[in-house]
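Novice: In full-length UniProt numbering, the protein residues as written are 1 to 289. Can you read through this structure? Questions will come right after.
Quick look at the structure:
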């Protein structure tokens with residue numbers, strides 16, 4: 001009897017060889033490789049915990065009994081092949097749905113926005129530290145000017161006292177004026193310049209400016225030109241008898257600022273401040289002296 005054996009071994013070529021089966025039947029057998037069937041048989045082996053190599057023997061029957069046995073063997077082989085065909089292709093990647101693609105894109109955009117927001121917050125904190133350093137320097141300079149102002153004021157008082165006395169004979173003149181009067185005039189000029197510099201420091205120095213909002217809301221934020229309408233400041237509720245007062249404190253320099261309140265996501269004006277502009281461009285006016 002001649003038999004063909006399908007051997008599920010990975011060989012790139014066909015081999016024909018003589019073999020003897022367990023029943024002593026001699027025959028010429030051909031082995032061939034099928035990559036697709038091999039992969040599916042491996043998955044079948046993993047699924048059903050089969051550890052033995054699966055071989056199929058096709059024999060040319062010599063009698064009716066052998067024909068019947070061959071048909072049964074063929075049916076069993078077809079059933080196994082059908083089972084292999086029915087196995088899901090686990091290795092094949094499944095295409096992403098539109099919802100999954102949208103979710104991936106949203107996650108990517110969200111990550112980019114979070115990175116930009118983190119960089120902006122970090123830069124904002126750096127600017128606040130730099131501003132605080134300059135504020136401290138201005139405060140020290142203002143203190144030094146105050147001490148110098150007191151010294152100049154004392155010198156002016158002495159010069160006035162000297163000028164009130166009679167002018168001694170032989171006193172020297174500068175630009176047609178006696179030195180006593182000239183000294184008093186120069187000291188008064190220095191004192192005036194010192195006062196102007198002190199005013200400039202006061203203008204450049206930030207000060208605390210309280211802001212209030214009266215009403216009932218869950219979230220209140222004041223926006224304005226004090227920070228370029230970018231971040232604003234949130235107002236906190238004060239625990240009073242009515243619980244309708246919200247407040248915050250801004251560090252501002254002297255000047256005029258336009259502000260507007262964002263109450264529960266809606267722009268609103270406060271009657272506590274003057275109103276400028278027209279239509280949608282109306283804002284409250286905040287004056288810091």
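Backbone N, C-alpha and C define an ideal beta-carbon position, used for all residues, glycine too.
1. Can you tell me where the alpha helix (DSSP H) holding residue 156 begins and where it ends?
2. Which word fits residue 121, buried or exposed, when buried means at least 16 other C-beta atoms lie within 10 angstroms of its C-beta?
3. Name, in chain order, the residues that DSSP records as bridge partners for residue 268.
4. Expressed to the nearest angstrom, what Euclidean distance is found between the alpha-carbon atoms of residue 214 and residue 155?
5. For residue 212, tell me which candidate among 169, 161 and 259 has the shortest Cα-Cα distance.
6. Within 10 angstroms of the Cβ of residue 246, are there 16 or more other Cβ atoms? Answer buried if so, exposed if not.
7. To the nearest whole angstrom, what separates the beta carbons of residue 235 and residue 248, a pair I think is in contact under 8 angstroms?
8. Check whether the stretch 170–189 and the stretch 94–113 are in contact - that is, three or more C-beta pairs closer than 8 angstroms.
9. Give the C-beta separation of residue 203 and residue 254 to the nearest angstrom, bearing in mind that I take them to be a contact with Cβ-Cβ under 8 angstroms.
10. Count Cβ pairs between the stretch 182–198 and the stretch 144–161 that sit closer than 8 angstroms; are there 3 or more?
11. What did DSSP end up calling residue 209 once you bin it into helix, strand or coil?
12. Output the boundary residues of the alpha helix (DSSP H) element that contains residue 190.
13. Helix or strand or just coil, what does DSSP make of residue 244?
14. Going by DSSP, what residues sit across from residue 256 in a beta bridge?
15. So for residue 225, helix, strand or coil by DSSP?
16. What residue does the beta strand (DSSP E) around residue 238 start on, and which one ends it?
17. Quick one: Cα of residue 238 to Cα of residue 218, how far?
18. Considering Cα atoms alone, identify which of 251, 205, 284 and 257 is closest to residue 267.
19. Below 8 angstroms between beta carbons: does that hold for residue 145 and residue 197?
20. Take the Cβ of residue 126 as the centre, count every other Cβ of all protein chains shown within 10 Å, and call the residue buried at 16 or more, exposed below.
21. Pop quiz: residue 138 and residue 201 are said to be a contact at Cβ under 8 angstroms. What is the actual Cβ separation, rounded to whole angstroms?
22. Between 149, 230, 123 and 277, which has its C-alpha nearest residue 193's C-alpha?
Specialist: Per the coordinate set shown:
1. 98–164
2. exposed
3. 261
4. 53 angstroms
5. 259
6. buried
7. About 5 angstroms separates the two Cβ atoms, so the contact holds.
8. no
9. 5 angstroms
10. These segments touch.
11. strand
12. 179–204
13. coil
14. 287
15. helix
16. Taken as a continuous stretch (DSSP letters only), the beta strand (DSSP E) holding residue 238 covers 236–238.
17. Distance between residue 238 and residue 218, taken at the CA atoms: about 13 angstroms.
18. 284
19. yes
20. exposed
21. 6 angstroms
22. Ranked by Cα distance from residue 193, the options 149, 230, 123 and 277 are led by 149.
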